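Residue numbers (the UniProt record's numbering), protein chains in the order written: chain A, 1 to 220; chain B, 1 to 220; chain C, 1 to 220; chain D, 1 to 220.
Using N, Cα and C, we set each Cβ at its ideal position, and we do this for glycine too.
Owing to the predicted nature of the structure, the values given are computational and were not obtained by experimental measurement.
Below you'll find the structure, written out as structure tokens, and then a few comments.
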């Protein structure tokens, strides 16, 4: 659990990381994290240059997306983040990007098929395609929640739009967004080389189970 | 309104940003901004390395493209910038690049179709294709102005050439150039994955209207 | 021969280089080097951010993959590295990545054909395709060793997975991983432009022979 | 005319620039410049990491490729550079790369067609395809010289190999290599989008003539 001040630094850095990882253009994209009381989350302001983004500008909202603290307008995707936190109790972090390769799959209305062990590890199979939805009400949030609830994947590509990813905290959701773009790219290259050779379901299951339980440092 | 000195810093930095954003090779590309009297604009010199570009080298021209202040020769596209400022009173900034993905669409004589919500937001639909025109007289400027006048898009791809983008100031025009390349890339990736699923016109209209009026910080 | 302290610095730097060369996403990828007694090797820990990776965190294992020194869990690919060192006496360095272009060839179950002199120089012909194998036992190591034993190539792409490369030390194995991705990219671009024109075997043989014996500084 | 010391700094920096511009992997690629007496040239050593390259390591050769000054072995392409300087009196700089997009065109044995005004400006039309030739004697140099003599283009792509570019000095040859890769990339993207729309010869001629005589700062 981070103090509010530490969380400002963390959420600001992870937003800037979206640019560092090449997932966003100009001011697009946003990262949020649920606060320790479970009832609020912190998100970046709307339309501020990543060069100028500062921890003090991070905005605290309730789970209806109302601003509780912050001088600037919150990300235009704030209501979608709020909807996700409201309906998925275990989600502690949410990320949204228009990263090029993942968004491209969404623009042809195709889920990303699983032909890579790294994808089986991280997403447990394909990355699903969510519905087309306009910004401005609960439609995008609803589409994300309906697609990801009960699904192994921590990322969804929304039709003609881009990626929403979730995780136990903001770092995990950023990891999901980074890995989603990475496998979206490799799978696209592969598809242009020939026929994708999908991994059989039994192997996918084994890989996912192992990675979720063994990879990395214990207790982290 | 910036002082002349501040404007030199701004225009120089935005030109260098073209390289930072990966939109230009070698010394190609240029950014200008209309000065506060409306009758002059500031542009970068021709053929100077981005590493060596300094605010003091920025050149001030009248709206016929004549140099008023500056020791170096102005950008070879100066007359096109001048033509645009002369014929589009609301334009305060102009950018020109040969950015790879946008230029590629222009080399097959195709507008960039709208299959991404980010593109509907920013450009209000497709990015139009302008005519083939040679440098050296008003032909390019005329092609840009005729294509963009009355069009929602702030960017045009000129046949076999590259991008011209406009905005209320140079920053807005650079944003347009960055977003144009970003959607040109994603749409290209998508096209090589399968059949592009275009966004219906009603949704495009709603997205454009909302983004132009709501996104970002009020008063900016 | 490096001291243990120098080797920690070297192995840590080469792991970070994987990120610098664009071969890995997030914490994926790993580099190891056999120690001077021939009976141990040094590898990075599992799941640690490249930003945070330090020489002191490098882990020393025996050739069965048991940890001899180190506080963190070793790379999840440690047993594959151990298998390779155990079965290929001349190998002094091992690298594993999921680099995008090479992994893409593996996802369509195709070796990378040799249409570039740089590839003939470095790999002596095509980069071979290894079997599909799950992590968790000796299957991957066995697939790597069986594919590379007696083969000119220092890199193998494992089906639906990514690259394993070997060398006389870790630097040579990193070079192989870098060159593998570079030729995988160029060959992919070429394939999408038209029919790959392969280099005839006699020329491939001459190029490989010359490069292995003449290129670079003598005695290095 | 640069002093020998200044030339060491210039040639070293331009070699490192190849990496900065993304034209080379590992230690591949090389830049040389003819010295002011016309009878010698300076080139980088073979197989030294770009991170470690220093002005003092630059090597001076006569026009037969014999080393006159320098402790290290010269670039393995030294004899090709020498051949070019010997046979093309106006050439003051030579660059060689395996840059990905240009090399890909060479791997399908295709010249790069001219569908971009920037390409007409810089190369006066298509970038020609040179013969397949093995390293180790005069074959590559002969292929470069025969292809570029009397040709407008300052760059040639050699079959299954990569780019050689020439210029009045090393900076001009590096510019040619950078622009060659840039147009090779854009033209590849375009080709995968649809049918390339070539620029008519009369327009190509006008663009080339104008750019060679007007662009940039006079006297530079």
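So, using beta-carbon positions, are residue i and residue j closer together than 8 Å?
{"i": "residue 55 of chain B", "j": "residue 9 of chain B", "result": "yes"}
{"i": "residue 198 of chain A", "j": "residue 115 of chain A", "result": "yes"}
{"i": "residue 95 of chain A", "j": "residue 31 of chain A", "result": "yes"}
{"i": "residue 108 of chain A", "j": "residue 128 of chain A", "result": "no"}
{"i": "residue 188 of chain D", "j": "residue 118 of chain D", "result": "no"}
{"i": "residue 27 of chain B", "j": "residue 49 of chain B", "result": "yes"}
{"i": "residue 110 of chain C", "j": "residue 194 of chain A", "result": "yes"}
{"i": "residue 184 of chain C", "j": "residue 112 of chain C", "result": "yes"}
{"i": "residue 11 of chain A", "j": "residue 173 of chain A", "result": "no"}
{"i": "residue 13 of chain A", "j": "residue 134 of chain C", "result": "no"}
{"i": "residue 70 of chain C", "j": "residue 208 of chain C", "result": "no"}
My understanding is that residue i touches residue j, with C-beta atoms under 8 Å, so please give their C-beta distance in whole angstroms.
{"i": "residue 4 of chain D", "j": "residue 83 of chain D", "result": "Actually they do not touch by this definition, with Cβ atoms about 23 Å apart."}
{"i": "residue 63 of chain D", "j": "residue 39 of chain D", "result": "6 Å"}
{"i": "residue 162 of chain B", "j": "residue 147 of chain B", "result": "Actually they do not touch by this definition, with Cβ atoms about 14 Å apart."}
{"i": "residue 68 of chain A", "j": "residue 33 of chain A", "result": "No, residue 68 of chain A and residue 33 of chain A are not in contact; Cβ-Cβ is about 15 Å, not under 8 Å."}
{"i": "residue 35 of chain C", "j": "residue 59 of chain C", "result": "Actually they do not touch by this definition, with Cβ atoms about 12 Å apart."}
{"i": "residue 25 of chain C", "j": "residue 179 of chain A", "result": "6 Å"}
{"i": "residue 136 of chain A", "j": "residue 210 of chain B", "result": "6 Å"}
Would you decide whether residue i is buried or exposed? Buried here means 16 or more other CB atoms lie within 10 Å of its CB.
{"i": "residue 99 of chain C", "result": "buried"}
{"i": "residue 37 of chain D", "result": "exposed"}
{"i": "residue 121 of chain B", "result": "buried"}
{"i": "residue 220 of chain D", "result": "Residue placement at residue 220 of chain D is flagged as unreliable, the pLDDT there being 43, under the threshold of 50; the coordinate-derived value follows with that caveat. Classification for residue 220 of chain D: exposed."}
{"i": "residue 46 of chain B", "result": "buried"}
{"i": "residue 182 of chain A", "result": "buried"}
{"i": "residue 78 of chain B", "result": "buried"}
{"i": "residue 149 of chain B", "result": "exposed"}
{"i": "residue 52 of chain C", "result": "exposed"}
{"i": "residue 202 of chain C", "result": "exposed"}
{"i": "residue 92 of chain D", "result": "buried"}
{"i": "residue 29 of chain A", "result": "buried"}
{"i": "residue 153 of chain B", "result": "buried"}
{"i": "residue 17 of chain C", "result": "buried"}
{"i": "residue 167 of chain D", "result": "buried"}
{"i": "residue 159 of chain A", "result": "buried"}
{"i": "residue 175 of chain A", "result": "buried"}
{"i": "residue 89 of chain D", "result": "exposed"}
{"i": "residue 213 of chain B", "result": "exposed"}
Tell me, please, which residues DSSP counts as bridged to residue i.
{"i": "residue 35 of chain A", "result": "Paired residue(s): none; residue 35 of chain A is not in a bridge."}
{"i": "residue 155 of chain A", "result": "A/165"}
{"i": "residue 45 of chain A", "result": "A/74"}
{"i": "residue 69 of chain C", "result": "C/60"}
{"i": "residue 40 of chain C", "result": "C/62"}
{"i": "residue 183 of chain B", "result": "Per DSSP, none; premise fails for residue 183 of chain B."}
{"i": "residue 93 of chain D", "result": "D/33 and D/167"}
{"i": "residue 127 of chain C", "result": "C/112"}
Using a Cβ-based criterion (distance less than 7 Å to any ligand heavy atom), does residue i qualify as near the ligand MG?
{"i": "residue 210 of chain C", "result": "The ligand MG is not among the ligands present in this structure, which contains no ligands whatsoever."}
Which residues, taken in chain order from the region 143-159 of chain C, show a beta carbon closer than 9 Å to some beta carbon of chain A?
158 and 159
What residues in the region 89-102 of chain A have a beta carbon less than 7 Å from any beta carbon of chain B?
98, 100 and 101
The region 60-81 of chain C: positions lying closer than 8 Å to chain A by Cβ
72, 73 and 76
Scan the region 163-182 of chain D for residues whose Cβ lies nearer than 7 Å to a Cβ of chain B and list them as they occur along the chain.
175, 178, 179 and 182
What residues in the region 188-206 of chain B bring their beta carbon closer than 8 Å to a beta carbon of chain D?
188, 191 and 192
Closer than 7 Å, Cβ to Cβ, to anything on chain B: give me those residues from the region 99-129 of chain D, in chain order.
115, 116, 117 and 118
Scan the region 28-50 of chain A for residues whose Cβ lies nearer than 8 Å to a Cβ of chain C and list them as they occur along the chain.
none
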